[in-house]
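Q: FYI, full-length UniProt numbering numbers position 54 of the sequence shown as 54, with every residue one higher than the one before it. Handing you this structure, nothing more for now.
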Amino acid sequence: ELQDRKPLTHILQTLQDLNNKKPQRKPILLKIAPDLTNDQLLDIIGIVEDTQIDGVIASNTTISREGLQSKESLINQAGGLSGAPLTNRATEVISFLYDKSNGAFPIIGVGGIMTAQDAIDKLNAGASLVQLYTGFVYEGPALIKKINEEIIRKAR
C-alpha cells in the first residue's frame with residue numbers, strides 16, 4: 001500500500017531531495033484518502049514532519065459505500081465516491097490532522113463541499129483553505145460566491 005509509512009516516506013523523501021536541488025523549489029502536498037484509520041493518519045502526520053513536505057490535501061475520494069441509498073448496482077460500481085457522502089468524513093479527517101499535529105502544517109480541505117456551510121465547517125476544523133470539485137460541478141461558479149459571502153457574513 002502506497003499510503004503505508006515506509007513506502008510513502010521513501011517516495012516523498014526522494015521527491016523532496018530532488019525538489020530541494022532545484023533553484024526554485026515547488027511546494028509538495030500529499031493528498032490522502034478519507035478511508036485511513038486514526039493510526040494511519042498519525043503516520044501521515046509523522047511522514048509530513050519527517051519529510052518536511054509542505055502540507056496535506058484531505059481528502060481524496062472514498063471507497064466506502066456506507067449509508068448510500070442508491071440501487072445496489074450503482075453502489076457496487078468500481079471507483080472512488082465523491083460529493084455529499086464524503087462531507088462528514090472529510091471534515092473529521094481534517095479535524096483529526098489539525099488537532100493531532102497542533103496545526104503544524106497547512107491542510108487543504110476537500111471532499112463533499114456542496115454548500116457554503118460545508119466549506120466553513122472544513123475551515124473551522126483546521127483547513128487552511130478549501131478546494132472544490134463535485135460541488136463546483138453541480139452548483140457552478142455561484143458556489144464560490146456563496147462561500148465567500150457566507151465567510152464575510154460570519155466574520156462580521
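Glycine residues also receive a C-beta, built at the ideal position from the N, C-alpha and C atoms. A quick note: this is a predicted structure, and the numbers were derived from the prediction, not measured.
By the 10 Å Cβ neighbour count, where 16 or more other Cβ atoms means buried, how is residue 141 classified, buried or exposed?
A: exposed
Q: What residue ranges within the UniProt domain "Dihydroorotate dehydrogenase catalytic" (8–153) form continuous alpha helix (DSSP H) runs of no fewer than 4 residues, ordered along the chain?
A: 38–51, 72–75, 87–101, 116–125 and 134–139
Q: Under a Cβ-count criterion, where at least 16 other Cβ atoms within 10 Å of its own Cβ denotes burial, should residue 18 be classed as buried or exposed?
A: exposed
Q: According to DSSP, is residue 5 helix, strand or coil?
A: helix
Q: Restricting to Cα atoms, I'd like to know which of 100, 121 and 116 is closest to residue 89.
A: If we check each option's Cα against that of residue 89, 121 comes out closest.
Q: Would you report the Cα separation of residue 112 and residue 34, rounded to the nearest angstrom?
A: Looking at the two C-alpha atoms, the distance is approximately 11 Å.
Q: Check this for me: beta carbons of residue 57 and residue 36, under 8 Å apart or not?
A: no
Q: Give every residue of the same chain whose Cβ lies closer than 7 Å to the Cβ of residue 143, excluding the five residues on either side of it in the sequence, and list them in chain order.
A: Contacts found: 132, 135 and 136.
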